[in-house]
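For any residue, its number in our numbering is found by taking its place in the sequence shown, counting from 1, and adding 36.
The beta-carbon is built from N, C-alpha and C at its ideal position, and this holds for glycine as well.
Just so we're clear, the structure is a prediction, and the values are computed from it rather than from any experiment.
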Amino acid sequence: MYNFSYFKEKDQSKILDFIEDNPFAFLTGSDASGNQVGTQTPILVEERQGELFLQGHIMRKTDHHKAFVENAQALIVFTGPHTYVSASWYSNPKIGSTWNYMSVHVGGEMNFMSSADLVKFMKKLTLKFEGGNNQSPTYFDNLPDHFLEKMMPAIVGFEIKADNIQNVFKLSQNRDEESYHNIISQLEQQGGNATLIAAEMKDRITELFPPGAVWDPDQFDS
Numbered sequence: 037m038y039n040f041s042y043f044k045e046k047d048q049s050k051i052l053d054f055i056e057d058n059p060f061a062f063l064t065g066s067d068a069s070g071n072q073v074g075t076q077t078p079i080l081v082e083e084r085q086g087e088l089f090l091q092g093h094i095m096r097k098t099d100h101h102k103a104f105v106e107n108a109q110a111l112i113v114f115t116g117p118h119t120y121v122s123a124s125w126y127s128n129p130k131i132g133s134t135w136n137y138m139s140v141h142v143g144g145e146m147n148f149m150s151s152a153d154l155v156k157f158m159k160k161l162t163l164k165f166e167g168g169n170n171q172s173p174t175y176f177d178n179l180p181d182h183f184l185e186k187m188m189p190a191i192v193g194f195e196i197k198a199d200n201i202q203n204v205f206k207l208s209q210n211r212d213e214e215s216y217h218n219i220i221s222q223l224e225q226q227g228g229n230a231t232l233i234a235a236e237m238k239d240r241i242t243e244l245f246p247p248g249a250v251w252d253p254d255q256f257d258s
């Protein structure tokens, strides 16, 4: 991971909000021989006694299911908006351009759920993404028995205790105030992901450039 202190989000609540806002995550690991596997899956987060647990489900008898049976170590990557940032927007443009992005990595050991726990999880999952509407025809309790009898044996639920949480919120924190404001202005004109990054940058202006403070480029490595 891109490991510079000034690109780290230190507020735990913002990290949890980021995970909640970007639940469709990349799950990766390797089998006992070191062959890498990966898949995407929606993730639910639970906080219990001050510890974080991530829950999801995958298809049985896939390469990734077999790999996690052999090697329980897993990494889940949550990725948010990202965008190209041109150095031509800097007060000193004679350096390389870059990419701004937001990402959280959670590592831990995968434990598979019992059949009963998988049912509980699927109820929570379907209720959450149906907006809390338990009358929806796709809420778990409303699905027909013949469908569940076919599909439930085909999936396996898992839970990962978050043993290691790292993040990169790379949002031009190493740029001077003039460059920072100009980057925001340029990104806002582009729409899409660029606008979302611009909004994140705006939220950090006061923290990065408090009144009366003198910007020191020597505090940054790059």
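Discussion item. Suppose the cutoff is 7 Å on Cβ atoms and the five residues either side in sequence are ignored; what does the same chain contact list for residue 250 look like?
Written reply: none
Practice prompt. Could you name each continuous alpha helix (DSSP H) segment of 4 residues or more that falls completely within the stretch 162-225, going from the start of the chain to the end?
Written response: 181-187, 213-224
Fill in: N-terminal and C-terminal residue of the beta strand (DSSP E) that residue 62 is part of
60-66
Item to complete: For the alpha helix (DSSP H) holding residue 112, just list the boundary residues, first then last.
Response: Here residue 112 belongs to no alpha helix (DSSP H); instead the beta strand (DSSP E) covers 109-121.
Worksheet item: Can you name the residues that DSSP bridges to residue 94?
Response: 192
Worksheet item: Excluding the five sequence neighbours on either side, which residues of its own chain have a C-beta within less than 6 Å of the C-beta of residue 214, listed in chain order?
Response: 127
Item to complete: Quick one: using the 10 Å Cβ neighbour count with 16 as the cut-off for buried, is residue 221 buried or exposed?
Response: exposed
Worksheet item: Are the beta-carbon atoms of residue 161 and residue 88 separated by less than 9 Å?
Response: no
Worksheet item: Taking the continuous alpha helix (DSSP H) assigned at residue 263, which residues delimit it?
Response: There is simply no residue 263 to check, as the chain begins at 37 and stops at 258 in what is shown.
Worksheet item: Between the beta-carbon of residue 237 and the beta-carbon of residue 71, is there less than 9 Å?
Response: no
Item to complete: With DSSP collapsed to three states, give me the class of residue 127.
Response: coil
Fill in: Where residue 237 sits in the DSSP three-state scheme
helix
Practice prompt. Within the same chain, show all residues whose beta-carbon is closer than 8 Å to that of residue 78, passing over the 5 residues directly before and after it, in chain order.
Written response: 59, 60, 61, 92, 161, 165
Worksheet item: Which residues bound the beta strand (DSSP E) around residue 48?
Response: Careful: residue 48 lies outside any beta strand (DSSP E), inside the alpha helix (DSSP H) at 48-57.
Worksheet item: Who are the near neighbours of residue 76 in its chain, counting only those whose CB is closer than 8 Å to its CB and skipping five residues on each side?
Response: 60, 61, 62, 63
Worksheet item: Could you give the residue range of the beta strand (DSSP E) that holds residue 251?
Response: Where residue 251 is concerned, there is no enclosing beta strand (DSSP E), given that its DSSP letter is neither H nor E.
Worksheet item: So residue 74 is in the beta strand (DSSP E); what residue range does that whole segment cover?
Response: 72-78
Discussion item. Please determine whether the Cβ atom of residue 141 lies at a distance below 8 Å from any heavy atom of the ligand MN.
Written reply: Among the components of this structure there are no ligands whatsoever, and the ligand MN is therefore not found.
Item to complete: Please work out which residues of its chain come closer than 8 Å, Cβ to Cβ, to residue 247, disregarding the five sequence neighbours upstream and downstream, and give them in chain order.
Response: none
Discussion item. By the DSSP assignment, the beta strand (DSSP E) with residue 144 in it spans what residues?
Written reply: 134-148
Discussion item. By the three-class DSSP mapping on this structure, what secondary structure does residue 40 have?
Written reply: coil
Worksheet item: Hey, out of 224, 230, 210, 225, whose CA is closest to residue 256's CA?
Response: 210
Discussion item. Would you call the stretch 115-124 in contact with the stretch 171-184, where contact means no fewer than 3 C-beta pairs closer than 8 Å?
Written reply: no
Fill in: DSSP bridge partner residues for residue 81 (one or two, in chain order)
90
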